[in-house]
Amino acid sequence: MFQREFALRLVARPGTALWSRLSANVQLYAKVDNIINVNRNDFRPPPQVESSVIRLVPIDPPPPVKFEEFDGLNRIIFSRPNKTIRGNFQAKGVMKMLDQNRRTWLSMQEMAVDDENESINDVLDKILDEGSWTESRAAKMDIDEILK
């Protein structure tokens, strides 16, 4: 049993106002259903909030995705869910973080880290174009589209 507002976010579907990073993260690993709404007057003393009972059924087998990577992606694309994915990635802070992560990865692979390598902007453009994410918006994308 959860507070109704939280439960509605858990069961939200893509394209609805409540679809969020929480919804996507939970629904990646579980099937979520709203079982029953519980009125505040069903409790003594009555709480200040309405409640809902939800069912979480784990997806078996779980998808072969690292949660940290999926959540990191969702953190970026759901930062402004109605903005295009390209627009979310082109924010200055995101580009700086991606460039720093790429440089760290290159050095860990013992590859040269120099400015002659393909820029993070070029890499990002190629990935977004290949995944047909250029004009997509997180608010409308389902789990399968996010995983592409």
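Per UniProt numbering: the sequence shown = residues 1 to 148.
Virtual Cβ for every residue (Gly too), placed ideally from N, Cα, C.
Measuring straight from C-alpha to C-alpha, what distance separates S136 and F89? Start at 1 with the first residue of the sequence shown, and residue 136 comes out as number 136. Start at 1 with the first residue of the sequence shown, and residue 89 comes out as number 89. Those two C-alpha atoms are separated by around 12 Å.
For V49, does the three-state DSSP call read helix, strand or coil? Taking the sequence shown and counting its residues from 1, one reaches residue 49 at position 49. Looking at V49 - three-state DSSP - the assignment turns out to be coil, as it is neither helix nor strand.
Can you give me the Cβ contacts of R9 inside the same chain, cut-off strictly under 7 Å, excluding the 5 residues immediately before and after it? Position 9 of the sequence shown, counted from the start, is the residue given in the question as residue 9. Cβ within range, chain order: L18, S20, L22, S23.
Would you grab the beta carbon distance between L28 and P63 for me? Rounded to a whole angstrom, and I think it's under 8 Å. For the purposes of this step, residue 28 is taken as the residue at position 28 of the sequence shown. For the purposes of this step, residue 63 is taken as the residue at position 63 of the sequence shown. Separation of the CB atoms of L28 and P63 is rounded to 6 Å, and the pair is thereby assigned contact status at 8 Å.
Is there contact between the segment 52-67 and the segment 30-43, where contact requires at least three CB pairs shorter than 8 Å? Judged by Cβ distances under 8 Å, the segment 52-67 makes contact with the segment 30-43, as three or more pairs qualify.
Curious, which full-length beta strand (DSSP E) runs of at least 3 residues does the segment 50-105 contain? 51-58
If you reduce the DSSP assignment to three classes, tell me which class N39 lands in. Position 39 of the sequence shown, counted from the first residue, corresponds to residue 39. Reduced to three states, the DSSP call for N39 is coil.
Using only the alpha-carbon positions, how far apart do T134 and I77 sit? Position 134 of the sequence shown, counted from the first residue, corresponds to residue 134. Position 77 of the sequence shown, counted from the first residue, corresponds to residue 77. Using only the alpha carbons, I get a separation of about 12 Å.
M141: buried (16+ other C-beta within 10 angstroms of its C-beta) or exposed? Against the sequence shown, residue 141 aligns to sequence position 141. Buried: at least 16 other Cβ atoms inside 10 Å.
Option in K31, I127, V123, L106 with minimal Cα separation from I59: Counting from 1 along the sequence shown, the entry for residue 59 is found at position 59. Closest option to I59, Cα to Cα, is K31.
In terms of alpha-carbon separation, which member of N82, K96, L128, R4 lies closest to Q48? Position 48 of the sequence shown, counted from the first residue, corresponds to residue 48. For Q48, the nearest C-alpha among the options comes from R4.
Determine the burial state of A112: buried for a count of at least 16 other Cβ atoms within 10 Å of its Cβ, exposed for fewer. Along the sequence shown, read from residue 1 onward, the residue named residue 112 stands at position 112. By the neighbour-count rule (16 or more Cβ atoms within 10 Å), A112 is not buried but exposed.
For A138, the nearest candidate out of S132, K148, I127, R80 (CA to CA): Residue 138 sits at position 138 when you count from the first residue of the sequence shown. Of S132, K148, I127, R80, the residue nearest in Cα terms is R80.
Within 10 Å of its beta-carbon, does N121 have 16 or more other beta-carbons around it, so buried, or fewer, so exposed? As a position in the sequence shown, residue 121 is number 121, starting the count at 1. With fewer than 16 other Cβ atoms within 10 Å, it is exposed.
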